[in-house]
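J.: Protein chains in written order, with this note's numbering: chain A, 1089 to 1175; chain B, 9 to 283. Below is the structure I would like to discuss, written out as structure tokens.
Next comes the structure, spelled out in structure tokens:
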């Protein structure tokens, strides 16, 4: 989810939730991340995002690499521009 | 404050005796239903199909208790002692639905309460949005704002379960069990209580119109369960309401009430013994 407290603020990534459909994603986002009185919140499926500069970006592929397999930077074969992950 | 077509009543004291009595009955029923529905939601904070669903049940439980508390406090102006209402009544004195008398044992049954019953209560609350009874305006708006997430939760989960035969069968049984209680909650066609409140400008539509609004709201999602069909763009219930055992004052089945455990939790018995 992305949210902002005031109209003038930037949208910030505030967290993730797991939901079987868009309607429940909206409900869970609003009810789970209620730590602030948000001016606006928006939620999108992970598959809506495309990696821009990393070939194995955790955010777009579904999470951090398994323990013991190094950092994302170690796994990048080509730093900088690479093939975007499938969304 | 919004202008109304009839003279507004700025306090309960200004209401004529019959409207005062009838509105008091409706508000007590709404408050008890919200209190007990909150307890039913809270039963599923742990044990829901996902962590997020459990968090949603927690949020909905808190919402309903808050709504119940707001309405109970209004009942002071209708001759009730809010503290006595919340802590001292017997099970038979509660005006909440028979659907809420005890815990439900499955997620589809919880969805029957969430999607069907919670929506039925909200539709009745909507009837108060343009009420001539002005103290209720702001409270109703705030309450309905939170209820939209309850509807989306119920609708989202119902749609999810409808995608499998097993889910659909389970929903079909649970929703069929709850259906009659929801249909008759709005009252019979010429319910004298609702008719009087409509005539007095306290609620906006009669029992049949409210029932139709509820059917139009839930119909599209449950259309494959054999409970509704469409006629002239409206959703119509397949089963007709069965009024046997209906209590027009309790607004529920005349027999029964919250079970012992639910009553103790609603009244806070175990904790109040420490005070």
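Just so you know, even glycine gets a beta-carbon here, dropped at the ideal spot from N, CA and C.
1) Of all the residues that make up the stretch 153-168 of chain B, which are near chain A by a beta-carbon distance shorter than 8 Å?
2) What is the residue span of the beta strand (DSSP E) that residue 245/B lies within?
3) Scan the stretch 1106-1121 of chain A for residues whose Cβ lies nearer than 7 Å to a Cβ of chain B and list them as they occur along the chain.
4) Just the Cα atoms here: how many angstroms apart are residue 27/B and residue 1106/A?
5) Counting only C-beta atoms, is residue 53/B closer than 8 Å to chain A at any point?
6) Provide the residue span of the beta strand (DSSP E) that contains residue 237/B, from first to last.
7) Using the Cα positions of residue 143/B and residue 210/B, report the straight-line distance between them to the nearest angstrom.
8) Please classify residue 1153/A: does DSSP put it in a helix, a strand, or coil?
9) Taking 8 Å as the CB-CB cut-off, is residue 129/B touching chain A?
10) Taking its Cβ as the centre, do 16 or more other Cβ atoms sit within 10 Å of residue 1115/A, making it buried, or is it exposed?
11) Residue 121/B by DSSP, collapsed to three states: which one?
12) Closest Cβ-Cβ distance between residue 46/B and chain A: below 8 Å?
13) With H, G and I counted as helix, E and B as strand and the rest as coil, what does DSSP make of residue 98/B?
14) If residue 276/B and residue 95/B are in contact, beta carbons under 8 Å, what's the gap, nearest whole angstrom?
15) Could you tell me whether the Cβ atoms of residue 205/B and residue 31/B are closer together than 8 Å?
16) So, helix, strand or coil for residue 255/B, using DSSP?
17) Please list the partners that residue 60/B has in chain A, where partner means a Cβ-to-Cβ separation under 7 Å.
18) Note down, in chain order, all residues in the stretch 62-93 of chain B with a beta-carbon under 7 Å from any beta-carbon belonging to chain A.
19) Label residue 132/B either buried or exposed according to how many other C-beta atoms from any shown protein chain fall within 10 Å of its C-beta, with 16 as the threshold for buried.
20) Which value, in whole angstroms, describes the spacing of the CA atoms of residue 1154/A and residue 279/B?
21) Classify residue 102/B: buried if its beta carbon has 16 or more other beta carbons within 10 angstroms, exposed otherwise.
22) Measure the C-alpha to C-alpha separation of residue 181/B and residue 1095/A and round it to an integer number of angstroms.
23) Rounded to whole angstroms, what is the Cα-Cα separation between residue 274/B and residue 146/B?
24) From residue 152/B to residue 281/B, what does the alpha carbon distance come to, in whole angstroms?
T.: Let me spell this out:
1) 157, 160, 161, 163, 164, 165, 167 and 168
2) Here residue 245/B corresponds to residue number 237 of the second chain, with the count starting at 1. Where residue 245/B is concerned, the enclosing beta strand (DSSP E) stretches over 242-245.
3) 1106, 1107, 1108, 1109, 1111, 1112, 1114, 1115, 1116, 1118, 1119 and 1120
4) Position 19 of the second chain, counted from the start, is the residue given in the question as residue 27/B. Position 18 of the first chain, counted from the start, is the residue given in the question as residue 1106/A. For residue 27/B and residue 1106/A, the distance between alpha carbons rounds to 48 Å.
5) As a position in the second chain, residue 53/B is number 45, starting the count at 1. Judged by the 8 Å Cβ criterion, residue 53/B is not in contact with chain A.
6) Numbered from its first residue, the second chain carries residue 237/B at position 229. Segment 236-239, the beta strand (DSSP E) holding residue 237/B.
7) Along the second chain, read from residue 1 onward, the residue named residue 143/B stands at position 135. Along the second chain, read from residue 1 onward, the residue named residue 210/B stands at position 202. Distance between the alpha carbons of residue 143/B and residue 210/B: 11 Å.
8) In the first chain, the residue the question calls residue 1153/A occupies position 65. Residue placement at residue 1153/A is poorly supported in this model, since its pLDDT is 46, which falls under 50; the coordinates still yield a value, given next. Of the three classes helix, strand and coil, the one that applies to residue 1153/A here is coil, per DSSP.
9) Mapped onto the second chain, residue 129/B falls at position 121. Answer no: the Cβ-Cβ gap between residue 129/B and chain A never drops below 8 Å.
10) Sequence index remark: in the first chain, residue 1115/A carries index 27 (1-based). With 16 or more other Cβ atoms within 10 Å, it is buried.
11) If you number the second chain from 1, residue 121/B lands on position 113. Correct three-state label for residue 121/B: helix.
12) Residue numbering aside, residue 46/B sits at position 38 when the second chain is read from its first letter. Not an interface residue.
13) In the second chain, the residue the question calls residue 98/B occupies position 90. Residue 98/B falls in the coil class under three-state DSSP.
14) As a position in the second chain, residue 276/B is number 268, starting the count at 1. As a position in the second chain, residue 95/B is number 87, starting the count at 1. Confirmed, about 6 Å.
15) Within the second chain, numbered from 1, the residue matching residue 205/B stands at position 197. Within the second chain, numbered from 1, the residue matching residue 31/B stands at position 23. Cβ atoms of residue 205/B and residue 31/B: closer than 8 Å.
16) On the second chain, position 247 is the one that residue 255/B refers to. Correct three-state label for residue 255/B: strand.
17) For this step, residue 60/B is matched to residue 52 along the second chain. The answer, in chain order, is 1105, 1106, 1107, 1116 and 1120.
18) 63, 64 and 67
19) Numbered from its first residue, the second chain carries residue 132/B at position 124. By the 10 Å Cβ count, residue 132/B comes out buried.
20) Reading the first chain from its first residue, position 66 is the one you call residue 1154/A. Reading the second chain from its first residue, position 271 is the one you call residue 279/B. Low per-residue confidence applies at residue 1154/A: pLDDT is 45, beneath 50, and the placement is therefore not dependable enough to give any value.
21) To locate residue 102/B, count along the second chain from 1; it is residue 94. Burial call: buried.
22) Within the second chain, the letter at position 173 stands for residue 181/B. Within the first chain, the letter at position 7 stands for residue 1095/A. One C-alpha to the other measures close to 47 Å.
23) Within the second chain, the letter at position 266 stands for residue 274/B. Within the second chain, the letter at position 138 stands for residue 146/B. Straight-line Cα distance between these residues: approximately 26 Å.
24) The count along the second chain starts at 1 and reaches residue 152/B at position 144. The count along the second chain starts at 1 and reaches residue 281/B at position 273. Their backbone Cα atoms lie some 35 Å apart in a straight line.
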